[in-house]
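Note sheet for the following structure.
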Amino acid sequence: MSAGEARAHITISRRSLRRLRLTRESGRYAVIAASMFGLLASARFAIAPPRPAMVRSAPGAGAAIDLAAEGFAVRFARGYLSWNDGEPAGGAATLEAFGGGQLEPGLGLEVPPTGEQRVLWAEVVQAREPVPDLHVYTVAAATTREGLRYLTVPVERTATGLALAGYPAFVGAPASAPAVTARSLRGVAQPALELVVRRALANYLSGSTGELAADLVEGARVSPPAVPMRLLSTARQEWAPGGGAVSVVAQARDGLGARYTLSYELDVTRVHGRWEVSAIQTDPYA
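By our numbering, the letter at position 207 of the sequence shown is numbered 226, and the numbering carries on one by one without gaps.
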């Protein structure tokens, strides 16, 4: 071999047979692992499939308040439930304006051939919003012929204003239940406080604001009833939940002789050793 010829170099390294096998089989192991994960995931979905998250409304939450839409529903209910045999065309024209040609003429309503019916009062008593901008109002209406009726009125807010979203429906009254019995409260059992509460309530009901002021904390403002009443008795005095206020059931009589059983709550505080009243039932500035 001449000096100009390149020499070949051979490097010999030692490797573990186990490592060589792992290197050669690593791809197969990766495929097997992926398959196992897939089978486990499929079993999990079969046993306990994922459920869509449910958004729950807060207790008591209802449809968004839309005063204009409520007024629209009340106005429709008045027109729908009012009729007069002397002016049949007038009622039909009113309903036709609500239908706008999209529903049956006169909304498919046929009123009796004789007589009349007027709506004494009507107001929204329930509302729901199935989809955004669509309100379904339950309107209570007192009529002269049929008494109290409940009518659902669908109202949609469109780009150009409010519109009737379909035919109305007669329904029953919203669900109700008997009066809930008041839970047991702790009795006041303090004669001095009971005396102040009874005296303040008597002056409050009678409108004797000058005498009432003697039992009020400095700066307290109350709003006595417009019609004076005479306190007859107080059935019981108990601490309201949370303390700081006394709940009292009282009987009173008005100037016409009507007798009422009423419930009041008086906020009380101790000032310089004596009990004083800071509010009675309502805050006139709230």
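We put the CB at the ideal spot given by N, CA and C, even for glycine. These figures come from a predicted structure and were not determined experimentally.
When you compare the CB positions of ALA271 and LEU250, do they come within less than 7 Å of one another, or not?
yes
Run through DSSP, which three-state label would PRO69 get?
Low local confidence applies: a pLDDT of 49 at PRO69 is under 50, so the model's placement there is unreliable, and no value is given.
Can you tell which of GLY238, ALA211 and ALA245 has its C-alpha closest to the C-alpha of SER227?
ALA245
DSSP-derived helix/strand/coil call for THR307:
An answer regarding residue 307 cannot be provided, because it is not within the stretch 20 to 305 covered by the chain.
Considering Cα atoms alone, identify which of LEU181, GLN256, PRO193 and ALA192 is closest to ARG218.
GLN256
Measure the Cβ-Cβ separation of VAL174 and ALA92 and say whether it is below 7 Å.
yes
How many Å lie between ARG278 and MET248 at the Cα?
9 Å
Can you tell me whether ALA269 is buried or exposed, with buried defined as 16 or more other CB within 10 angstroms of its CB?
buried
Quick check: what's the CA-CA separation for TRP294 versus LEU231?
13 Å
May I ask you to report which of helix, strand or coil DSSP gives LEU128?
coil
So what's ALA77 in DSSP terms, helix, strand or just coil?
With a pLDDT of 39 at ALA77, under the threshold of 50, the modelled position of that residue is not reliable, and the figure given next carries that caveat. Residue state, collapsed to three classes: coil.
Please report how far the alpha carbon of TYR223 lies from the alpha carbon of PRO243, in whole angstroms.
6 Å
For LEU285, which residues from the same chain have a beta carbon less than 6 Å from its beta carbon, with the 5 sequence-adjacent residues on both sides left out?
VAL216, VAL265, VAL296 and ILE299
C-beta atoms of VAL160 and VAL144 nearer than 7 Å
Looking at the sequence itself, residue 160 is Ala, so the reference to Val does not match. No, they are not a contact pair.
Compare the Cα-Cα distances from GLU123 to each of SER101, TYR169 and LEU183 and report the closest residue.
LEU183
Considering only C-alpha positions, which residue in the set LEU214, ASP85, ILE84 and PHE117 is nearest to PHE95?
PHE117
Measure the Cβ-Cβ separation of ALA146 and TYR156 and say whether it is below 7 Å.
yes
Once DSSP output is grouped into helix, strand and coil, what is the label at PRO303?
coil
Selection from SER225, VAL241, VAL190 and THR288 that minimises the alpha carbon distance to ALA211
THR288
Residue environment, VAL190, which counts as buried when at least 16 other CB atoms sit within 10 Å
exposed
Only counting the same chain, and skipping five residues up and downstream in sequence, which positions put a Cβ closer than 7 Å to that of VAL290?
VAL236
Best match in ASP152, GLY185 and ASP234 for proximity to ILE316 [C-alpha to C-alpha]
Nothing can be reported for residue 316: it is not among the residues displayed for the chain, which extend from 20 to 305.
Would you kindly work out how many angstroms separate the C-alpha atoms of ARG205 and ARG240, rounded to a whole number?
27 Å
For VAL267 and THR253, which I take to be in contact (beta-carbon distance under 8 Å), what is that distance rounded to the nearest angstrom?
5 Å
Neighbourhood of PRO132 by C-beta distance below 8 Å, restricted to the same chain and skipping five residues each side
ASP104
What are the uninterrupted segments assigned as alpha helix (DSSP H) that are 4 or more residues long and contained completely in the segment 188-274, given in chain order?
210-225 and 228-231
So, using beta-carbon positions, are VAL125 and LEU114 closer together than 7 Å?
Reading off the sequence, residue 125 comes out as Gly, not Val. The answer is yes: Cβ separation under 7 Å.
Would you report the Cα separation of VAL158 and GLU165, rounded to the nearest angstrom?
15 Å
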